[in-house]
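In the numbering used here, the protein residues as written are 1 to 137. A quick write-up on the structure given underneath.
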């Protein structure tokens, strides 16, 4: 079973102090079955890692090695994220009062009929209302 992976679940995996057994299970599943992400995922993950460096949480070696490790995982970038932005994604953002960024993960999980791995409370609530399987907690 493949899944949709959001940045919150990704970052919980890369920061050892945030990793939980549920997050480890998400990444075990990902390694075996792959994952899908919207086109903005790489920007979100890299941005959080860069902000962590600027705030002194990590260093450039951690950022760079983390990005290199993530690049090795069987993660597919969905090419329709941009196409859906002003349609389905916007509707979901409005319906559930999500950011468009979070709604992009929800839209992808709905469109591909896949479980969603996220730690974001509002996104989990919306996914639950949409009847999606949730992973990560």
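Heads up, the beta-carbon is just placed ideally off N, CA and C, and yes, glycines get one too. Just so you know, these numbers come straight off a predicted model, no measurement behind them.
Paired residues, beta bridge with residue i - DSSP
i, result
"residue 116", "4, 134"
Buried versus exposed call for residue i [16 or more other C-beta atoms within 10 Å across all chains shown]
i, result
"residue 107", "buried"
"residue 76", "exposed"
Where residue i falls: helix, strand or coil (DSSP)
i, result
"residue 111", "helix"
"residue 95", "helix"
"residue 19", "coil"
"residue 87", "helix"
Beta carbon of residue i nearer than 7 Å to that of residue j
i, j, result
"residue 6", "residue 118", "yes"
"residue 116", "residue 109", "yes"
"residue 124", "residue 134", "yes"
"residue 103", "residue 93", "yes"
"residue 34", "residue 8", "no"
At which residue ranges does the stretch 36-85 contain complete beta strand (DSSP E) runs of 3 or more residues, listed in the order of the chain?
75-77
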